[in-house]
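Residue numbers 284 to 460, in our numbering, belong to the letters of the sequence shown in order.
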Amino acid sequence: MGWDVVVRACELGRGLFAARPFATGELILKFTGPHYERGDPIHQTDTGANLLQTGWRSYILLDPPGVFANHSCRPNAGVVHNRLLAAIEPIAPGQEICFDYSTTMAENFWTMPCRCGSPACRGVVTDFRLLPAEVRDRYLRLGIVQGFIAGHARVGLRANLAQDGSCDTVPGRHEGG
């Protein structure tokens, strides 16, 4: 399927740009690529930086053009339904399309220095659970947090994720209730 985006040079290498206007809520593209599991050796390579987490232990290695969607701490797009990139505000033709990588991360082992240049820049890209509370709440309201992460956040779990991807419950909370 053809998407209404173009890949071109930007300050940080290459980026994904709108070829036409996108309205808030409009689908921009579907992320595609081969599947990998946590623990696969690809995580230890430079290519591993192009993995999108889609479940506690599952990832996809992004194909073009999706692999060129850069991170921003002030995104204009977000991932919905696990693999779809949608506009969270109007996007003009020629505008770079960015999402906050943290909305797809629950790993406890991968971080990246942030160079997005946004006034809201946090300086580091890390797991969703480590975002400031107001940022987490905004992303949850917008529906742009991967479902496997949002489900835990919505029931009040503070994800002390173990290396194996399991989740500890909030102290005093009993399973099933």
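Backbone N, C-alpha and C define an ideal beta-carbon position, used for all residues, glycine too.
Being a predicted model, the structure only gives us computed values, none of them experimental.
Burial state of residue i (16 or more Cβ within 10 Å)
{"i": "R421", "result": "exposed"}
{"i": "L295", "result": "exposed"}
{"i": "E320", "result": "exposed"}
{"i": "H435", "result": "buried"}
{"i": "P396", "result": "exposed"}
{"i": "G285", "result": "exposed"}
{"i": "R419", "result": "buried"}
{"i": "P348", "result": "buried"}
{"i": "A302", "result": "exposed"}
{"i": "F305", "result": "buried"}
{"i": "A445", "result": "The pLDDT assigned to A445 is 39, lower than 50, so where the model puts this residue is not dependable; a value taken from the coordinates is nonetheless given after this. Result: exposed."}
{"i": "E458", "result": "With a pLDDT of 31 at E458, under the threshold of 50, the modelled position of that residue is not reliable, and no figure is offered here."}
Beta-ladder partner(s) of residue i, from DSSP
{"i": "I311", "result": "According to DSSP, I311 bridges with nothing at all."}
{"i": "N353", "result": "C381"}
{"i": "M395", "result": "V408"}
{"i": "I343", "result": "H318, L335"}
{"i": "V362", "result": "L368"}
{"i": "I374", "result": "F305"}
{"i": "V290", "result": "L299"}
C-beta contact flag for residue i and residue j at 8 Å
{"i": "L423", "j": "A433", "result": "yes"}
{"i": "P358", "j": "T307", "result": "no"}
{"i": "F411", "j": "W339", "result": "no"}
{"i": "T315", "j": "D287", "result": "no"}
{"i": "S341", "j": "H318", "result": "yes"}
{"i": "D414", "j": "S385", "result": "The question names Asp, yet the displayed sequence has Leu at residue 414. Contact: yes."}
Whole-number beta carbon distance between residue j and residue i, since they are thought to touch under 8 Å
{"i": "I371", "j": "A360", "result": "6 Å"}
{"i": "F382", "j": "V290", "result": "Not quite, the Cβ-Cβ distance comes to about 15 Å (not below 8 Å), so this is no contact."}
{"i": "T394", "j": "Q429", "result": "Going by Cβ atoms, the distance from T394 to Q429 rounds to 17 Å, so no, they are not a contact pair."}
{"i": "G298", "j": "N353", "result": "5 Å"}
{"i": "S355", "j": "C293", "result": "Actually they do not touch by this definition, with Cβ atoms about 11 Å apart."}
Check: residue i C-beta below 7 Å from any heavy atom of the ligand SAM
{"i": "N391", "result": "Looking at this structure, you won't find the ligand SAM or any other ligand, since it has none at all."}
Is the region 309-317 touching the region 395-406 in the sense that three or more CB pairs, one from each, lie closer than 8 Å?
These segments do not touch.
Inspect the CB distances between the region 374-381 and the region 322-341 and report whether three or more fall short of 8 Å.
Contact fails: fewer than three Cβ-Cβ distances are below 8 Å.
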